[in-house]
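Comments concern the structure below.
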């Protein structure tokens, strides 16, 4: 049995122990998303345009992640719509950023592994970079949208007489806490993933300016910053959407009376 298979079994056991039925569904959503991601890579390898593939499969991954992550349809709908709106905004932003950053492709540090190989694969590296960045930020957006939607709907159900202002304040309070923890998660994940490369840079006596302008470093930093921007924008988006849903619920209730 390989190490990855063993870790996968341990993950399944932990998710079943903690989440019971929902843990099993979440594990299945992980497998489905992995299959969607692999299928997207195959389509790009067959020279299907990367940007349309990114749009279609990102929406599918968001839907699977959110709708299979909760049993409450109203929470899932609010989280999905807000995450989808933010995703489209970030998609446009990433295309612009990747165009001006000029970091797609391989860096000088990759020359040893690529020696003797052709990099003329007939696919735009700029579009591949956009695809990588957008697929990387999906998890952060979905997590933030789900957390805020779940919290706001819980507040709505606990006290149906509270005002819209109190719901907004509660949603933004939850959002502030999410922003703080997400920033640390993304920050340490970024430096943890690049730790070996940074040690190599230091060992080769790279200057600070050389490091921060390195293509690999900049590409990873763009992904982290886009992810954080997505989380920040998700906070007001998900909160306003949930409050709008609550307002419609109150209007229907008053009409019945």
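Numbering (this note's numbering), first residue to last: 584 to 840.
Cβ atoms here follow ideal geometry from the backbone N, Cα and C, with glycine treated the same way.
These numbers were taken from a predicted model, which means no experiment stands behind them.
*Beta-carbon separation of residue 736 and residue 803 under 9 Å?*
Translated into positions along the chain shown, residue 736 becomes position 153. Translated into positions along the chain shown, residue 803 becomes position 220. No.
*If you count every other CB in all the chains shown that lies within 10 Å of the CB of residue 616, and 16 or more means buried, which is it?*
Walking along the chain shown from the start, residue 616 turns up at place 33. Label assigned to residue 616: buried.
_Backbone secondary structure at residue 787 - three-state DSSP_ = In the chain shown, residue 787 corresponds to position 204, counting from 1. Three-state result, residue 787: coil.
_Short of 7 Å in beta carbon distance, which residues of its chain neighbour residue 820, apart from the five on each side in sequence? Order them along the chain._
Stepping through the chain shown from its first residue, residue 820 is reached at position 237. Once the five neighbours on either side are set aside, the close Cβ partners of residue 820 are 665, 668 and 669.
*Start and end of the alpha helix (DSSP H) containing residue 618?*
Locating residue 618 in the chain shown gives position 35, counting from the first residue. Where residue 618 is concerned, the enclosing alpha helix (DSSP H) starts and stops at 586 to 628.
*residue 727 and residue 765 look like a contact to me (Cβ under 8 Å); what is the Cβ gap, rounded to whole Å?*
Looking up residue 727 in the chain shown gives position 144. Looking up residue 765 in the chain shown gives position 182. Yes, they are in contact, since the Cβ atoms of residue 727 and residue 765 sit about 7 Å apart, within 8 Å.
*Looking at C-beta atoms only, is the number of pairs between the region 782 to 799 and the region 711 to 728 that lie closer than 8 Å three or more?*
Using a C-beta cut-off of 8 Å, the region 782 to 799 makes no contact with the region 711 to 728, since fewer than three inter-stretch Cβ pairs fall below that distance.
*Just reading off the alpha helix (DSSP H) that residue 752 is part of, what are its end residues?*
Taking the chain shown and counting its residues from 1, one reaches residue 752 at position 169. 747 to 776 is the extent of the alpha helix (DSSP H) around residue 752.
*asked:* In whole angstroms, give me the CA-to-CA distance for residue 825 and residue 601.
replied: What you label residue 825 is simply residue 242 of the chain shown in a count that begins at 1. What you label residue 601 is simply residue 18 of the chain shown in a count that begins at 1. In a straight line, the C-alpha of residue 825 is about 28 Å away from that of residue 601.
*Kindly list the residues whose CB is nearer than 7 Å to the CB of residue 626, restricted to its own chain and excluding five residues on each side of it in sequence; keep chain order.*
Working through the chain shown from its first residue, we reach residue 626 at position 43. Same-chain partners within the cutoff: 636.
_Quick check on the DSSP output: the alpha helix (DSSP H) that includes residue 679 runs from which residue to which?_
Locating residue 679 in the chain shown gives position 96, counting from the first residue. Bounds of the alpha helix (DSSP H) holding residue 679 are 656 to 684.
*Where do the ends of the alpha helix (DSSP H) carrying residue 635 lie?*
One-based indexing of the chain shown puts residue 635 at position 52. Unbroken alpha helix (DSSP H) run through residue 635: 633 to 650.
*What three-state label does DSSP hand residue 707 in the structure shown?*
Stepping through the chain shown from its first residue, residue 707 is reached at position 124. If DSSP states are grouped into helix, strand and coil, residue 707 belongs with coil.
*Is residue 801 closer than 9 Å to residue 709 when the C-beta atoms are compared?*
If you number the chain shown from 1, residue 709 lands on position 126. If you number the chain shown from 1, residue 801 lands on position 218. No, these two residues do not count as a Cβ contact at 9 Å.
*When 814, 682 and 733 are compared against residue 761, the one with the closest alpha-carbon*: The sequence position of residue 761 within the chain shown is 178, counting from 1. If we check each option's Cα against that of residue 761, 814 comes out closest.
*So, helix, strand or coil for residue 716, using DSSP?*
For the purposes of this step, residue 716 is taken as residue 133 along the chain shown, with counting starting at 1. Three-state result, residue 716: helix.
_Same chain, Cβ closer than 7 Å to residue 659, neighbours up to 5 away in sequence not counted_ = Residue 659 sits at position 76 when you count from the first residue of the chain shown. Scanning its chain for C-beta atoms nearer than 7 Å, with the 5 sequence neighbours on each side dropped, one finds around residue 659 the residues 649, 650 and 653, in chain order.
*Does the distance from the C-beta atom of residue 784 to that of residue 717 stay below 9 Å?*
Translated into the one-based positions of the chain shown, residue 784 becomes position 201. Translated into the one-based positions of the chain shown, residue 717 becomes position 134. Not a contact, by the Cβ cut-off of 9 Å.
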